[in-house]
Every structure is written in structure tokens, then in C-alpha cells.
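Visitor: Have a look at this one before I ask anything.
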Amino acid sequence: MKVLSGYEPAEVLGFFEEICGIPHISYHEKALSDYCVAFAKERNLYYEQDELGNVIIIGEATEGYEDVEPIIIQGHLDMVGDKVPECEIDMERESIRIMVDGDSITADGTTLGGDDGIAIAYGLALLDSKEIPRPRLELVLTVCEEVGLEGATAIDLSCCRAKRLLNIDSEDEGVFTAGCAGGVRVDSLIPTDMVEKSGVICEIKTTGFLGGHSGIEIHKGRANSNVMLGRFFLFLKDKVSFDIVGMAGGVKDNVIPKNANASFIVEEKDIETLKNAVVEFNAVISEEFAVADPHVALVLEVKDVSVCKVLSDVSKEKMITALNLMPNGVQTMSQDLPGLVETSLNMGVVKVDEEGISTSFAVRSSVASAKDYLTSRLEQFTEMLGGTVNYHGDYPGWAYARESRLRDLCVKIYERQYGETPKVEVIHAGLECGILSSKIEGLDCISIGPNMADVHTPDEVISISSIARVWEFIKAVLAEK
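Counting in the working numbering, the sequence shown runs from 1 upward without gaps.
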């Protein structure tokens, strides 16, 4: 028996559970893309699938809606793959294990992929039904959204006739997104030199960090595990002599990292001083993050004496300098929209070894010149330490439209269904509407979605009752003539 059997809306949740059973983290969406193609073939629907795996499926209008303006339902095929350290699931090849807890769907030890599996489920359920009244529906599903909107950048929409697009990639029911920031990924590599030394090998790792979505939660002041380890080594410099073996932290550049660990060596005589330093450091960060990230801590493990390769003194200083002085987090707030982050960046992934000091950032801004200035700062800083940068996944912002017939329609239907006015906002997270608008002249977009929380983390949940209400809302939008 399926986990979601007996819950409503059965047609949507049935597809959602099947989607969760197919591995589809970024760059590994082929099986899910092929699943969508098989769906179209079984129902004799027109489809296109490009070499990247982007899929377009078209269902013609139901009876009486042939003359109604067509609409695009849009979402992405990939999900962020993160898991708790003890989880043994290979997210590239194995399905996740979904669970129900009251009104919430979650996953056992991994991200759920409600972002954006629920959009796929809604779209397939709409195309699967012969009873739901609707105009011509063009389901557009892209790959690699979570790693720089790569699928949306490459997709060919010439088969689409619609000038209206309903993006289902938002996480708050009753909040309509009508604009978003642009962004770019920046990878920095600073070369390192290694030398051989002996000492007691120690490992320091983070625990209790909340992490989160770098677009949605960057303003919440949560601790970044990569930055925190850099801060620890800066703190340790005045306490103990040490040498760094290596470091690894984070899973994706657009995820505020929860987990990071580093290996280093110290002299045996300094072990007690080291242990005391960790206790002192934990007391400092516990007080500092008591509200924003209340369970942050570092855990020390002391191992055996060994001879190993460590960073040279110069490379060690470069690492500590980079992790502490490279910008991270909110840089500026919007002067036009109070409470909106204008420009930010997230040091999502760090790796330090004999290949170099590698950092990966997700940079976001609603002001193009501010985004360019921030990336230039990263490039200049990296070059000062003898390194190089690489840019990828550059995408434009989605400007708020003063007039939008689709937005007005959605507001009217929401007020009719819920008895209250929805919130219309511009967000800091990236959505594909900006890129897709550049491919279809005059495209009218709005983004919606059911209630989700802690997306991009193993704590991700999605509300069943919210899925049901948003399902009724989508059907009402499509039924309007």
C-alpha cells in the first residue's frame, strides 16, 4: 500500500508519490524526464524532450474552452539532494522514503523534493483528467533549476502558444510571487602547497546547524558551517599551534550549509588546551546564535599520532583569510521594498585539499549592477590570494509588472475561494519566470505554491491540506473564461 493512499487530492498525491520514487537530484533528472515522456505517450499527448531532459507536454483544450487563452503550467524536474549524516541513501540512484506526520509529508533523513515535485504532480494530474475544464495547457518542466536555472536558459519554447504562465515554485499558500532577484554561481579556486608533518590528528565538525534555502532564509541570520570553521581556526590561532590537513563543507552553493568538517594536527602537549578552546568557542557561538540558530556547536574528535600532508603555513593563512574575509550573507536590503533582501551571497560549498581552496557561492541581487559589483569583489579577493574564479548559471531577475491580467485574475479567484486578499510580493530567491519571459514576448507570469517549510534541508515538509486547497485554486483559475 502506498504511503499517500487515502489522502486527498488523490490524483495529485498519487503522482507526487511516484515522483518521489524516482531519483531526480540536479544533473540526475533523466529518469524523471523519461517518466514524464512515458506519461505523454500513454495518453497520446504532444510532447518534446530536448537533449538536456527538459520536457514540454501539451494537452488541448477541453470542450467549451477551445477559444480561451492557453496557459503554461511550469515547474522544474530537479531537487536539491541533502541528507542527515547517518542516512545511507544514494540520492543519485535510490528513491527517498516519504512519511506522513499529521498534515505534513516529509522524508526519512533526506530532502523531500516538494520543491518542485509538487509542480510536476499538479501538471500531470491536470493533463491526466478529462473532466477538469481548462484551456489548452502547456506543461513546461525544466532541468537543473537548483544549480543555476540551466534548463530554463536552454529550453526552446517555440511550440508554446500561451502568453500566460503559472509557475508553481513558491512555498507559501496565499502569497503570490510577482518578481524575483537575478543570480549567478561563482566558483573560486586558490592553489595550495602541502608539506609533511607529524602530530595528533584531530577532527572538528559542526552539529545542530539549521541551514536552509539561501534565497528564502539568507536574512534569518543562521550560521554558515563553512564560515564557522574558518572562524574557529582564526580563534584557535592565539591558543594552539596547529596545521590543517583538509576541510569539506556544504552540499550545494544555494543551500546554507549545515555540515562541515576539517582535519588538523596539533602537538600532544596541546590537546587539553585545544579541548578547552573548543568549549570556549562553543560558549561564544551559543550565546551569539541563541535566537537565530540555537543549537549550533562544534564537536572535536582526537585521533592518533600520524605523519601526514598538511597545508604549508602560507596556504593555511590563505585558507583562514578566505573563509573569514570573503563576503557572505546579506549585503544590502532594498530601499524600494522594505524587508526585501536586495543583494546577498552564500558560501555554500568549501573543499580544501592538495588541489586548492575551493569555494562555491550563490550570488543573488535584484539590482544587476550590485550583482556585478559583488562578483567583482569575489574575483579581486581570489586573485589577491593567487587564485582564479569561474562563473556559471547566470540568470536575469524577473521585474515586477505594474499591470498583469493573470495576477488580477488570481487575486480575484483567491478572494472568492478564501474570503481574503492574498499577499503579492517580490522575493530574493530565483525563479525561472525571468528567463522564460525573455523567450515569449509579452509573457504574463505569476508564481504560487502550497505551504512548504525547510526546503533544501532534510527537515523539508509540505502540507497535505494546503496541497488540496491550492489544487482547487489552480482548477478555478483554469476554469475561468
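Heads up, the beta-carbon is just placed ideally off N, CA and C, and yes, glycines get one too.
Considering only the beta carbon of each residue, do P396 and I427 sit closer than 9 Å?
Guide: Here residue 396 corresponds to residue number 396 of the sequence shown, with the count starting at 1. Here residue 427 corresponds to residue number 427 of the sequence shown, with the count starting at 1. Cβ atoms of P396 and I427: not closer than 9 Å.
Visitor: I'd like the list of long-range same chain contacts for D253, defined as Cβ closer than 7 Å, with 5 residues on each side in sequence excluded.
Guide: Mapped onto the sequence shown, residue 253 falls at position 253. So the list reads R185, N346, G348, V349, S360, F361 and A362, once near-sequence residues are dropped.
Visitor: Sorted by chain position, which residues of the same chain lie with C-beta nearer than 6 Å to D103's C-beta, five sequence neighbours on each side aside?
Guide: Counting from 1 along the sequence shown, the entry for residue 103 is found at position 103. Around D103: S463, I464 and S465.
Visitor: Can you tell me the Cβ-Cβ gap for G117 and I19, rounded? I've got them flagged as a contact below 8 Å.
Guide: Taking the first residue of the sequence shown as position 1, residue 117 is located at position 117. Taking the first residue of the sequence shown as position 1, residue 19 is located at position 19. Confirmed, about 4 Å.
Visitor: Which same chain residues, not among the five before or five after Y418, have their C-beta less than 6 Å away from its C-beta?
Guide: Residue mapping note: residue 418 aligns to position 418 of the sequence shown, counting from 1. Nothing meets the Cβ criterion.
Visitor: Quick one: using the 10 Å Cβ neighbour count with 16 as the cut-off for buried, is A292 buried or exposed?
Guide: As a first step, residue 292 is located in the sequence shown; it is residue number 292 there, counting from the start. Per the 10 Å Cβ criterion, exposed.
Visitor: How would you label P422, buried or exposed, when you count the other beta carbons within 10 angstroms and need 16 or more for buried?
Guide: Counting from one through the sequence shown, the residue named residue 422 turns up at place 422. Buried, by the Cβ-count rule.
Visitor: Whole angstroms are fine: how far does the CA of T153 sit from the CA of G113?
Guide: Indexing the sequence shown from 1 puts residue 113 at position 113. Indexing the sequence shown from 1 puts residue 153 at position 153. Rounded to the nearest angstrom, the two C-alpha atoms are 22 Å apart.
Visitor: Between the region 267-277 and the region 376-391, do three or more beta carbon pairs fall short of 8 Å?
Guide: Flag = no, the region 267-277 and the region 376-391 do not touch.
Visitor: Measuring CA to CA, which of T321, K439, P191 and R416 is closest to V389?
Guide: Looking up residue 389 in the sequence shown gives position 389. Closest by alpha carbon: P191.
Visitor: For A119 versus H76, is the C-beta distance shorter than 9 Å?
Guide: Residue numbering aside, residue 119 sits at position 119 when the sequence shown is read from its first letter. Residue numbering aside, residue 76 sits at position 76 when the sequence shown is read from its first letter. Yes, they are a contact pair.
Visitor: If you run the structure through DSSP and keep just helix, strand and coil, what is Q417?
Guide: For the purposes of this step, residue 417 is taken as the residue at position 417 of the sequence shown. It is helical.
Visitor: Quick one: grab the DSSP three-state call for H456.
Guide: Position 456 of the sequence shown, counting from 1, holds the residue named residue 456. It is coil, neither helix nor strand.
Visitor: Hey, how far is the Cα of I89 from the Cα of L165?
Guide: Within the sequence shown, the letter at position 89 stands for residue 89. Within the sequence shown, the letter at position 165 stands for residue 165. Between I89 and L165, the C-alpha separation is close to 36 Å.
Visitor: Consult DSSP for R407 and reduce its assignment to one of helix, strand or coil.
Guide: If you number the sequence shown from 1, residue 407 lands on position 407. R407 falls in the helix class under three-state DSSP.
Visitor: Between the alpha carbons of P338 and D193, how many angstroms are there, rounded?
Guide: Taking the first residue of the sequence shown as 1, we reach residue 338 at position 338. Taking the first residue of the sequence shown as 1, we reach residue 193 at position 193. Distance between the alpha carbons of P338 and D193 is about 47 Å.
Visitor: With a Cβ-Cβ cutoff of 9 Å, do V55 and S26 count as a contact?
Guide: Within the sequence shown, the letter at position 55 stands for residue 55. Within the sequence shown, the letter at position 26 stands for residue 26. No, these two residues do not count as a Cβ contact at 9 Å.
Visitor: List in chain order: all unbroken beta strand (DSSP E) runs of 3+ residues lying wholly within the region 120-183.
Guide: Counting whole runs of 3 or more residues, the region 120-183 contains the beta strand (DSSP E) stretches 137-142, 164-168 and 175-180.
Visitor: Do you know whose CA, among V147, V140, E146 and I58, lies nearest R134's CA?
Guide: Here residue 134 corresponds to residue number 134 of the sequence shown, with the count starting at 1. When each option's Cα is compared against that of R134, the closest is I58.
Visitor: Between P396 and chain D, is the shortest Cβ-Cβ distance under 9 Å, so that the two count as touching?
Guide: Judged by its chain identifiers, the structure shown contains no chain D, having just a single protein chain.
Visitor: So what's K439 in DSSP terms, helix, strand or just coil?
Guide: As a first step, residue 439 must be located in the sequence shown, where it is residue number 439. It is coil, neither helix nor strand.
Visitor: Give me the residue from T206, V140 and V200 with the minimum Cα distance to P70.
Guide: The residue given as residue 70 occupies position 70 in the sequence shown. Here the closest residue by C-alpha is V140.
Visitor: Using the Cα positions of N282 and R136, report the straight-line distance between them to the nearest angstrom.
Guide: On the sequence shown, position 282 is the one that residue 282 refers to. On the sequence shown, position 136 is the one that residue 136 refers to. If you take the alpha carbons of N282 and R136, they lie about 58 Å apart.
Visitor: Please work out which residues of its chain come closer than 7 Å, Cβ to Cβ, to V37, disregarding the five sequence neighbours upstream and downstream, and give them in chain order.
Guide: For the purposes of this step, residue 37 is identified with residue 37 of the sequence shown, where counting begins at 1. Here the set comprises Y47, Q49 and V55.
Visitor: Could you give the first and the last residue of the continuous beta strand (DSSP E) run that contains E342?
Guide: Start at 1 with the first residue of the sequence shown, and residue 342 comes out as number 342. E342 -> beta strand (DSSP E) spans V341 to D353.
Visitor: Looking at the secondary structure, which residues open and close the beta strand (DSSP E) in which C87 lies?
Guide: The residue you call residue 87 lines up with position 87 of the sequence shown. Counting along the chain, C87 falls outside any beta strand (DSSP E), and DSSP gives it neither H nor E.
Visitor: Taking three-plus beta-carbon pairs below 8 Å as touching, is the region 251-266 in contact with the region 193-212?
Guide: Enough Cβ pairs lie closer than 8 Å, so yes.
Visitor: Counting C-beta neighbours from all protein chains within 10 Å, is the total for R416 16 or more, i.e. buried, or is it exposed?
Guide: Working through the sequence shown from its first residue, we reach residue 416 at position 416. It counts as exposed.
Visitor: Output the residue ranges of the beta strand (DSSP E) runs that lie fully inside the region 45-104 and measure 3 residues or longer, sorted by chain position.
Guide: You should have 46-49, 55-59, 71-76 and 98-101.
Visitor: Three or more C-beta pairs under 8 Å: does that hold for the region 449-456 against the region 165-184?
Guide: Yes, the region 449-456 is in contact with the region 165-184.
Visitor: Which value, in whole angstroms, describes the spacing of the CA atoms of G230 and D128?
Guide: Counting from 1 along the sequence shown, the entry for residue 230 is found at position 230. Counting from 1 along the sequence shown, the entry for residue 128 is found at position 128. Their backbone Cα atoms lie some 52 Å apart in a straight line.
Visitor: Under 8 Å Cβ to Cβ from M99, same chain only, skipping five residues before and after it: list those, please.
Guide: As a working mapping, residue 99 is identified with position 99 in the sequence shown. Correct list, in chain order: V3, I105, T106, A107 and D108.
Visitor: Hey, out of Y65, D169 and G21, whose CA is closest to L478's CA?
Guide: Residue numbering aside, residue 478 sits at position 478 when the sequence shown is read from its first letter. Ranking the options by Cα distance to L478, first place goes to Y65.
Visitor: So what does DSSP say about R185, is it helix, strand or coil?
Guide: As a first step, residue 185 is located in the sequence shown; it is residue number 185 there, counting from the start. Looking at R185 - three-state DSSP - the assignment turns out to be strand.
Visitor: Going residue by residue through the region 361-410, where are the continuous beta strand (DSSP E) segments of at least 3 residues, counting only ones entirely within it?
Guide: If we require 3 residues or more, the beta strand (DSSP E) runs fully inside the region 361-410 come out as 388-395.
Visitor: Anyone know if the C-beta pair for V240 and I201 falls short of 9 Å?
Guide: Within the sequence shown, the letter at position 240 stands for residue 240. Within the sequence shown, the letter at position 201 stands for residue 201. The answer is no: Cβ separation not under 9 Å.
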